[in-house]
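J.: Numbering (the UniProt record's numbering), first residue to last: 1 to 667. By construction, the Cβ of each residue, glycine as well, lies at the ideal position given by its N, Cα and C atoms. As the structure is a computational prediction, the values presented were derived from the model and not from experiment.
#1: Can you find the residues in the same chain that come closer than 7 Å, C-beta to C-beta, to residue 638, ignoring five residues on each side of it along the sequence?
#2: Going by C-alpha to C-alpha distance, which of 208, 154, 177 and 232 sits closest to residue 183?
#3: Ordered along the chain, which non-local residues of its own chain (more than five positions away) have a Cβ less than 7 Å from that of residue 470?
#4: Is the shortest distance between the beta-carbon of residue 447 and the beta-carbons of chain D less than 8 Å?
#5: Which runs of the alpha helix (DSSP H) fall wholly inside the segment 543-570 and span at least 4 residues, in chain order?
#6: Terminal residues of the continuous alpha helix (DSSP H) containing residue 461?
#7: Straight-line CA distance for residue 505 to residue 254?
#8: Taking 6 Å as the limit between beta carbons, can you name the residues of its chain near residue 447, skipping five residues before and five after?
#9: Suppose you measure from the CA of residue 203 to the CA of residue 559; what does that come to, to the nearest Å?
#10: Report yes if the C-beta distance between residue 669 and residue 549 is below 8 Å; otherwise report no.
#11: Would you tell me roughly how many angstroms separate the C-alpha atoms of residue 342 and residue 359, rounded to the nearest one?
#12: Start and end of the alpha helix (DSSP H) containing residue 643?
#13: Taking the beta carbon of residue 337 as the centre, do at least 16 other beta carbons fall within 10 Å, making it buried, or is it exposed?
#14: In three-state DSSP terms, what is residue 151?
#15: Determine the direct distance from the alpha carbon of residue 441 to that of residue 425, and round the result to whole angstroms.
#16: Taking the alpha carbon of residue 86 as the point to measure from, which residue in 416, 355 and 230 has its own alpha carbon closest?
#17: Taking Cβ to Cβ, would you say residue 369 is nearer than 8 Å to residue 586?
#18: Return the Cβ separation of residue 382 and residue 391 in integer angstroms, given the expectation that the two are a contact with Cβ distance under 8 Å.
#19: Going by the beta-carbon positions, is the gap between residue 291 and residue 180 smaller than 8 Å?
#20: Assuming residue 436 is part of the alpha helix (DSSP H), what are its boundary residues?
#21: What's the gap between the Cα of residue 463 and the Cα of residue 437?
#22: Count the other CB atoms within 10 Å of the CB of residue 502; is the residue buried (16 or more) or exposed (fewer)?
#23: Considering Cα atoms alone, identify which of 454, 191, 299 and 323 is closest to residue 430.
#24: Within the segment 489-541, note down every full beta strand (DSSP E) run reaching 3 residues or more, in order along the chain.
#25: Quick one: grab the DSSP three-state call for residue 89.
#26: Note down, one range per segment and in chain order, each alpha helix (DSSP H) of at least 4 residues found wholly within the segment 308-346.
#27: Suppose you measure from the CA of residue 465 to the CA of residue 435; what does that come to, to the nearest Å?
#28: Are there 16 or more other CB atoms within 10 angstroms of the CB of residue 627, so buried, or fewer, so exposed?
#29: With a CB to CB cut of under 8 Å and the five nearest residues on each side skipped, what residues in its chain are close to residue 410?
#30: So, does the segment 225-240 touch the segment 297-305, judging by three or more C-beta pairs under 8 Å?
#31: CA-CA distance, residue 457 and residue 149?
#32: List the endpoints of the continuous alpha helix (DSSP H) containing residue 400.
#33: Tell me, which residues are paired with residue 181 by DSSP?
#34: Closest to residue 215 by C-alpha separation, out of 156, 206, 151 and 266, would be which residue?
#35: Let me make sure I understand the geometry here. Which of 591, 562 and 490 has the alpha-carbon closest to that of residue 545?
#36: Can you grab the Cα-Cα spacing for the pair residue 691 / residue 615, in whole Å?
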């Protein structure tokens, strides 16, 4: 019995022990699950009340501070595109000259890499319209806005979970909104190839992305904490991570369209790509050489085959020299003749371009400008008033001084290479032009005519004959003159329906269309989309030009933008595509009684030059815009007018026409 009692007590103890162990195990399990539950509770999910609102702002250089004006002194010699000239050499062969330039600058190409066209496709594939006027940006600007439609990749990294919460492709110009957790800290990363092409998704297990030789690589990163409900803004400011190599050939000085171009980098020149780590913002050490055969050139302007360039982007940021071989270059001249340039004798085979600086966001620019040195030409000035030099005849007035300054027109000019001009000045009296053109053997190469009236029927007949024989004319008139100009243009446009009428007042303003880049855009400045100003009276419009004849002209301007009275379809300025004729319905288009500078009036004498006789804008011109005019709200003097630059550009073109196009001087 005693043994049974002992056994019973032992059983009870074992049972209690088992129960105690079970309770302990259950307690431990509960504690473990409770702990896990608390860990899971730390990963808070967005509730939809808090968002990041992401937009793209701009691109800036690695070593530039936004808001500054740049580092170079005012004495720095720059290209018009902003690069600092490192070395320049002129190579001459007979009447052909090449300016070969090496320049270094900051990559301001942001938003201009999206619609490039190869040279052989330019006629078939016009560029889509741009959403931003990149061409109007100051070349020394620090921040360049991104063009609408460019793709970029955005990554949002949660610092608490150490996970990527969002990894998405976005489009500039469209706001990207992402749900986030309030008061949670995030790191963000963004990159772009400055293109409208889709970007391959980022591998979440590998933060490295590959750069490309044909595209820039833009990168940005930052941190953000959304401390309030609603939208927290994130503005991306990209930075270039590659070094650009740009090769441009410009044949505008030849006035020839590039028809054949074969060029390549020599074997000692390489373009390299790399793997960029978006997490730490560094390029991998192992770079890959990209095999390049002939360089791929694209046109700079949609409507021109006279400027082409090749752009490449290298991850080798220490590269400082490139050797270029141009094997073949031919152009089609205005007279239709194809000229094969002797590149083997012009130092562009095995030509090395060396630079002393470089790095992220830098451009190494190899630029070749090709010129024809045009023989001396004779200008007949039909002068309406030498006090204002309407026809650029007076060397002591701004327009005349401009023509005679060797910095503008000479064999050493950077703008038009011509051996000079012989000037013949005639007044606009009756039959003066008829007499000057009586003998075709003595025809002038160019006529500049600025007059109110005075031309007789015989004068206009002689002018028409001269034009039809290939003569070159810069014509400025604004007087009905008994219907004689109207009859003249009826013959030019092959239609008796053509009429002419005076509209507007002094200080009227006209906006140039975005056409004819080879003329309006060169060599003294780009005037497309800019303005010219009327001098002192009314403007002589040409109306009712038949559609078939209108196809034969470049319509530069139509109605005044500061006047209520609009004349749809009328033309106030044009250049003819078949005849060598430019027309503007303002006799005083070149008016300025000063030798240089701008006259202090908003309604008269719109022509302006600087102290070096170089054409510049008159910076305070025009009558206040009327209430229903296209630019209503602009005050008096509210426009920059570019009469002098338009004149310089058009005149340079006419000089080339006089050289290349045969003038019939037969009896």
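T.: On the basis of the data shown:
#1: In the chain shown, residue 638 corresponds to position 638, counting from 1. The residues are 622.
#2: Locating residue 183 in the chain shown gives position 183, counting from the first residue. The option with the nearest alpha carbon to residue 183 is 232.
#3: By one-based count along the chain shown, residue 470 stands at place 470. Within the same chain, residue 470 has close Cβ partners 580, 661, 662, 663 and 664.
#4: Chain labels in this structure do not include chain D; a single protein chain is all it has.
#5: 547-550
#6: Position 461 of the chain shown, counting from 1, holds the residue named residue 461. Looking at the DSSP string, the run of the alpha helix (DSSP H) that includes residue 461 is 457-468.
#7: As a first step, residue 505 is located in the chain shown; it is residue number 505 there, counting from the start. As a first step, residue 254 is located in the chain shown; it is residue number 254 there, counting from the start. Cα to Cα, residue 505 sits roughly 40 Å from residue 254.
#8: Numbered from 1 along the chain shown, position 447 holds the residue referred to as residue 447. Around residue 447: 380 and 473.
#9: Within the chain shown, numbered from 1, the residue matching residue 203 stands at position 203. Within the chain shown, numbered from 1, the residue matching residue 559 stands at position 559. Between residue 203 and residue 559, the C-alpha separation is close to 57 Å.
#10: Only positions 1 to 667 of the chain appear in this structure, which leaves residue 669 out of reach.
#11: As a first step, residue 342 must be located in the chain shown, where it is residue number 342. As a first step, residue 359 must be located in the chain shown, where it is residue number 359. Distance between the alpha carbons of residue 342 and residue 359: 35 Å.
#12: If you number the chain shown from 1, residue 643 lands on position 643. Residues 643-660.
#13: If you number the chain shown from 1, residue 337 lands on position 337. Classification for residue 337: exposed.
#14: Position 151 of the chain shown, counted from the start, is the residue given in the question as residue 151. Of the three classes helix, strand and coil, the one that applies to residue 151 here is strand, per DSSP.
#15: Walking along the chain shown from the start, residue 425 turns up at place 425. Walking along the chain shown from the start, residue 441 turns up at place 441. Spanning the two alpha carbons is a distance of roughly 18 Å.
#16: Your numbering for residue 86 matches position 86 in the chain shown. Closest by alpha carbon: 355.
#17: Within the chain shown, numbered from 1, the residue matching residue 369 stands at position 369. Within the chain shown, numbered from 1, the residue matching residue 586 stands at position 586. No, these two residues do not count as a Cβ contact at 8 Å.
#18: By one-based count along the chain shown, residue 382 stands at place 382. By one-based count along the chain shown, residue 391 stands at place 391. Rounded, the Cβ-Cβ distance is 6 Å, consistent with contact.
#19: The residue given as residue 291 occupies position 291 in the chain shown. The residue given as residue 180 occupies position 180 in the chain shown. No, they are not a contact pair.
#20: As a working note, residue 436 is residue 436 in the chain shown. From DSSP, the alpha helix (DSSP H) with residue 436 extends over 432-436.
#21: Looking up residue 463 in the chain shown gives position 463. Looking up residue 437 in the chain shown gives position 437. Rounded to the nearest angstrom, the two C-alpha atoms are 8 Å apart.
#22: Within the chain shown, the letter at position 502 stands for residue 502. With fewer than 16 other Cβ atoms within 10 Å, it is exposed.
#23: The count along the chain shown starts at 1 and reaches residue 430 at position 430. Among 454, 191, 299 and 323, the Cα nearest to that of residue 430 is on 454.
#24: 499-503, 509-511 and 531-533
#25: Taking the first residue of the chain shown as position 1, residue 89 is located at position 89. DSSP places residue 89 in strand when its eight states are reduced to three.
#26: none
#27: If you number the chain shown from 1, residue 465 lands on position 465. If you number the chain shown from 1, residue 435 lands on position 435. Taking the straight line from one Cα to the other gives about 13 Å.
#28: On the chain shown, position 627 is the one that residue 627 refers to. Answer is exposed; the Cβ neighbour count stays below 16.
#29: For the purposes of this step, residue 410 is identified with residue 410 of the chain shown, where counting begins at 1. Counting only Cβ-Cβ distances below 8 Å, and skipping sequence neighbours, we find 417, 418, 419 and 420.
#30: no
#31: Walking along the chain shown from the start, residue 457 turns up at place 457. Walking along the chain shown from the start, residue 149 turns up at place 149. Straight-line Cα distance between these residues: approximately 57 Å.
#32: Counting from 1 along the chain shown, the entry for residue 400 is found at position 400. Unbroken alpha helix (DSSP H) run through residue 400: 398-404.
#33: Translated into the one-based positions of the chain shown, residue 181 becomes position 181. DSSP lists no partner for residue 181.
#34: As a first step, residue 215 is located in the chain shown; it is residue number 215 there, counting from the start. When each option's Cα is compared against that of residue 215, the closest is 151.
#35: On the chain shown, residue 545 is found 545 positions in, with the first residue counted as 1. Of 591, 562 and 490, the residue nearest in Cα terms is 490.
#36: No information on residue 691 is available, as it lies outside the stretch 1 to 667 that the chain covers here.
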